[in-house]
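Below is one structure, written out as C-alpha cells; the observations come after it.
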Amino acid sequence: MEFDFAAVLAEWPLLLRGLAWTIGLTAVAVPLGLLAATGGAWARACGPRWLARTVGVYVELLRNTPFIVQLFFIFFGLPSLGVKLSPALASVIAMTLNLGAYGTEILRAGIQATPRGQWEAAHSLALGPVQTFVRVVLPPAFKRIWPAMTSQIIIVMLGTAVCGQISTEELSYATNLIHSRNFRAFEATFVAVGLYLVLSMAVRQLLLWIGARFLFGSGAAAARPAGASHRLGARHG
Amino acid sequence: MVEFTLWDIVRNLLMALRWTVALSLIAFLGGGAVGALLLCLRLGLGRATARAIGLYVQVFQGTPLLMQLFLAYFGLALLGIEVSAWTAASVALTLYTSAYLVEIWRGCVEAVPKGQWEAARSLAMSFGEQLRHVVLPQAMRLAIAPTVGFLVQVIKGTALASVIGFAELTKTGSMIANASFKPFLVFGCVALMYFVLCFPVSLLAHYLERKSHGRPA
Chain R
4 MEFDFAAVLA
14 EWPLLLRGLA
24 WTIGLTAVAV
34 PLGLLAATGG
44 AWARACGPRW
54 LARTVGVYVE
64 LLRNTPFIVQ
74 LFFIFFGLPS
84 LGVKLSPALA
94 SVIAMTLNLG
104 AYGTEILRAG
114 IQATPRGQWE
124 AAHSLALGPV
134 QTFVRVVLPP
144 AFKRIWPAMT
154 SQIIIVMLGT
164 AVCGQISTEE
174 LSYATNLIHS
184 RNFRAFEATF
194 VAVGLYLVLS
204 MAVRQLLLWI
214 GARFLFGSGA
224 AAARPAGASH
234 RLGARHG
Chain X
18 MVEFTLWDIV
28 RNLLMALRWT
38 VALSLIAFLG
48 GGAVGALLLC
58 LRLGLGRATA
68 RAIGLYVQVF
78 QGTPLLMQLF
88 LAYFGLALLG
98 IEVSAWTAAS
108 VALTLYTSAY
118 LVEIWRGCVE
128 AVPKGQWEAA
138 RSLAMSFGEQ
148 LRHVVLPQAM
158 RLAIAPTVGF
168 LVQVIKGTAL
178 ASVIGFAELT
188 KTGSMIANAS
198 FKPFLVFGCV
208 ALMYFVLCFP
218 VSLLAHYLER
228 KSHGRPA
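Residue numbers (this note's numbering), protein chains in the order written: chain R, 4 to 240; chain X, 18 to 234.
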C-alpha cells in the first residue's frame, strides 16, 4: 500500500476554507448556546414551575437524541412547515440548541452548589432577583463549571463534522470533496483528523485561558489544571 | 407511486431499530473489553504505557466520531480487509467507546484512597491480587453510574454509522423520508425512537448516581 499525502496537501486552500467554516460555526453557535444555557439554568433553578418543567423537557429531548437526527429534523423536516433554512443557519441552530441543553444541566449544577447563604446575603443587601442571579450567583457558578463547559464546547465543535451531511462546507465536507477529486480517501481523512485534533487542543487551551483571564477576574486560581473534573459533565451529542 | 401510511413508516423504522440496538451492544461490549484491557495495562505497566494510553484517549476524545468512522472505513480497506459498513462501524465505535471507558474507569480507580493499595501491599498481596480483591471492587461501585450514562452516548453515536452506509435507524429514516416526502413526520419518529431507547438508560444512570452518593433516589 502506498500513501500519497502530497495530493491531499496540494488542496490546502480547500482544507483551510473548511477549517475556517468549522471555526466560524463554532464561534457563532457557542456564545448563543451559552446564552441559552444561562437562560435555561435560570429557569431550572429559580424560574416558575411550569417554565422549569418545559426547560426540563427540552433538555431531556435534546440530550437523548443524536445530533445528526436533530440536524436532519431542522434542515429537512422544518421546510414542510414552511420554515426554510440555509445549511449554515440550520447548523448554527442545531448547535445552539444542543449546547443550550447540555449547558443548562452543567450550569444548573454550578448554581445549585452556591450556598443558600449567598442568596440570603444578596437579598438582605436589597439586591433584586435579577441582580442576585447575575452578579452574585452566576459568576462563581460559571467559575465552578468552566472546565466542564469547556469540554462540552469542544464536543459541540467536533460535532460540526456532521454538519457536512447537510452540505455545510466545513472541514469534513472539504475532506469529502478532496477525496472525491483525487481518490485519496484515507490520506484526506487522516489529515482532517490531525487538523481536528490540533484544533480541539488549541481551543481547550484558549477557553481555559479566557476563563482564567476574563471571566473570573485576575484569579490565577481559576485556571485549574485539566483534571478529571473537567470531563464530568460533558457528554457527546 | 407508493403511498406510505404512518404504520408503514413506523414498521420500517422499528425493523431498523434492531440494527441500532445491535450495533450499540457490539460497541458497548467490545469497547468495555478493550477498555478493561487498556485499564489493566495502564495500571500494571510503567509510565510509558500510561502515557501512550493517555495519547490514545486524547486522540479519540479530540477528533469527531464521524472522522473516526471514515478512517476505519477507508483504513481497513487499505489493509486489504474486506470492509462492510458493519465491520467499519463496529471497529470504530468499539475503539471510540474503549477510549472513553478507560478514562472513566481510570478516574474511578484513582478515587480509591491510596491507603487501600498500601494496606493490600502490606498484606503481601501481589499486584494482581491488590487489584482484584481490594481496589477493583471499590472502584467498580463508583464506575457503574457513569458507565451506564456513557451507554447513552454510544447509542447516539451509532447514528453516525448511517453516514458510511450502515442501514440503522437514522439511515433508514433518511431513505424513507426521501421516498415518502414526509421528512417532518419521519425524522420526528426517528428522534422519538432514539428518545425511547435512551431516556430510560439516562434515568437509570441518574438513579444509580444518586444511590451511589448515598442519597435517597
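Beta carbons are placed, not taken as given, at the ideal position from N, Cα and C, and that holds for glycine.
Burial state of residue i (16 or more Cβ within 10 Å)
i      : result
R:E108 : buried
R:W212 : exposed
X:L148 : buried
X:G182 : exposed
X:E135 : exposed
X:L31  : exposed
X:N29  : buried
X:A222 : buried
X:P200 : buried
R:G85  : exposed
X:L264 : Only positions 18 to 234 of chain X appear in this structure, which leaves residue 264 of chain X out of reach.
X:Y224 : exposed
X:P163 : buried
X:E20  : exposed
X:Q78  : buried
X:R35  : exposed
R:M98  : buried
R:S221 : Low confidence applies here, because R:S221 scores a pLDDT of 46, under 50, leaving its location unreliable and the question unanswered by this model.
R:P34  : exposed
R:Q134 : exposed
X:T22  : exposed
R:F193 : buried
R:E14  : buried
X:P81  : buried
X:F144 : exposed
X:R59  : buried
Closest Cα partner of residue i within the set the options
i      : options                        : result
R:Q168 : R:F75, R:R66, R:V206           : R:F75
R:P91  : R:Y61, R:A23, R:I156           : The sequence shown places Ala at residue 91 of chain R, not Pro. The residue with the shortest Cα to Cα distance from R:A91 is R:A23.
X:G166 : X:L214, X:L209, X:V207, X:R138 : X:L214
R:A112 : R:I156, R:W149, R:W122         : R:W149
X:M84  : R:Q208, R:F189, R:M204         : R:F189
X:V171 : X:T104, X:A116, X:H230, X:L60  : X:A116
R:E5   : X:V203, X:L220, X:G92          : X:G92
X:V207 : R:F79, R:V58, R:V62            : R:F79
X:S4   : X:I26, X:T37, X:L23            : Residue coverage of chain X in this structure runs from 18 to 234, which leaves residue 4 of chain X outside it and unanswerable.
R:V11  : R:Q208, R:H182, R:R216         : R:H182
R:I3   : R:V60, R:I96, R:I158           : Lying outside 4 to 240, the shown extent of chain R, residue 3 of chain R is not represented and no answer is given.
X:L153 : X:W122, X:A69, X:V51           : X:W122
R:A44  : R:I114, R:A93, R:G27           : R:I114
R:L18  : R:L218, R:V196, R:M204         : R:V196
R:Y176 : R:R138, R:A164, R:R207, R:M204 : R:A164
R:M152 : R:V58, R:R207, R:V72, R:P69    : R:R207
R:C166 : R:L209, R:A32, R:L110, R:F8    : R:A32
R:R147 : R:P118, R:G131, R:S89          : R:P118
R:I71  : R:T178, R:E172, R:G162, R:S203 : R:G162
R:L64  : X:A184, X:F216, X:T189, X:S139 : X:F216
X:F204 : R:M98, R:P69, R:Q134, R:G27    : R:P69
X:S101 : X:Y90, X:A109, X:T111, X:L110  : X:Y90
X:K173 : R:A104, R:T25, R:Q73           : R:Q73
X:E87  : R:S203, R:N179, R:L210         : Glu is not the amino acid found at residue 87 of chain X; the sequence shown has Phe there. X:F87 has its Cα closest to that of R:N179, out of R:S203, R:N179, R:L210.
X:I26  : X:R59, X:M142, X:L186          : X:L186
X:R68  : X:V108, X:L46, X:A39, X:E120   : X:E120
R:F8   : R:S203, R:L141, R:F186         : R:F186
Any non-hydrogen atom of the ligand NAD within 7 Å of residue i CB
i      : result
X:F212 : Absent from the structure shown: the ligand NAD. Ligands present: none.
Requested in this report: With 8 Å as the C-beta to C-beta threshold (strictly closer), list the residues of the region 60-83 of chain R near chain X in chain order.
Outcome: E63, L64, R66, N67, T68, P69, F70, I71, V72, Q73, F75, F76, F79, G80, L81, P82, S83
Requested in this report: Quick one: which unbroken alpha helix (DSSP H) runs of 4-plus residues sit fully inside the region 90-157 of chain R? Chain order, please.
Outcome: 90-115, 119-127
**Report entry** chain X contacts made by the region 184-205 of chain R, where a contact means CB separation under 7 Å
**Finding:** A188, F189, T192, F193, A195, V196, Y199, L200, S203, M204
Report task. Jot down the residue ranges of each uninterrupted alpha helix (DSSP H) in the region 152-229 of chain X, minimum 4 residues, whole runs only, in chain order. Result -> Counting only runs that start and end inside the region 152-229 of chain X, the alpha helix (DSSP H) elements of at least 4 residues fall at 153-174, 186-197, 200-229.
Requested in this report: For the region 209-228 of chain X, enumerate the residues whose C-beta is nearer than 7 Å to any C-beta of chain R, in chain order.
Outcome: If the cut-off is 7 Å between Cβ atoms, the region 209-228 of chain X has Y211, F212, C215, F216, S219 near chain R.
Requested in this report: With 7 Å as the limit, tell me which residues of the region 80-92 of chain X have their beta carbon closer than that to any beta carbon of chain R; keep them in chain order.
Outcome: T80, P81, L83, M84, F87, L88, F91, G92
Query - Residues, ordered as in the chain, of the region 25-48 of chain R that lie near chain X by beta-carbon distance below 9 Å - result: none
Query raised in the report: Using a beta-carbon distance cut-off of less than 9 Å, what residues from the region 107-124 of chain X approach chain R?
Result: Y117, E120, I121, R123, G124
**Report entry** Whole alpha helix (DSSP H) elements within the region 95-139 of chain X, 4-residue minimum
**Finding:** 102-128, 131-139
Report task. Below 9 Å between beta carbons is the criterion; list the residues of the region 172-189 of chain X that meet it against any residue of chain R, in chain order. Result -> I172, K173, G174, T175, A176, L177, S179, V180, L186, T187
Query raised in the report: Where are the alpha helix (DSSP H) runs, 4 residues long or more, that stay fully inside the region 44-84 of chain X, in chain order?
Result: 64-78
Requested in this report: Using a Cβ-Cβ cut-off of less than 7 Å, list which residues of the region 130-147 of chain X approach chain R; keep chain order.
Outcome: none
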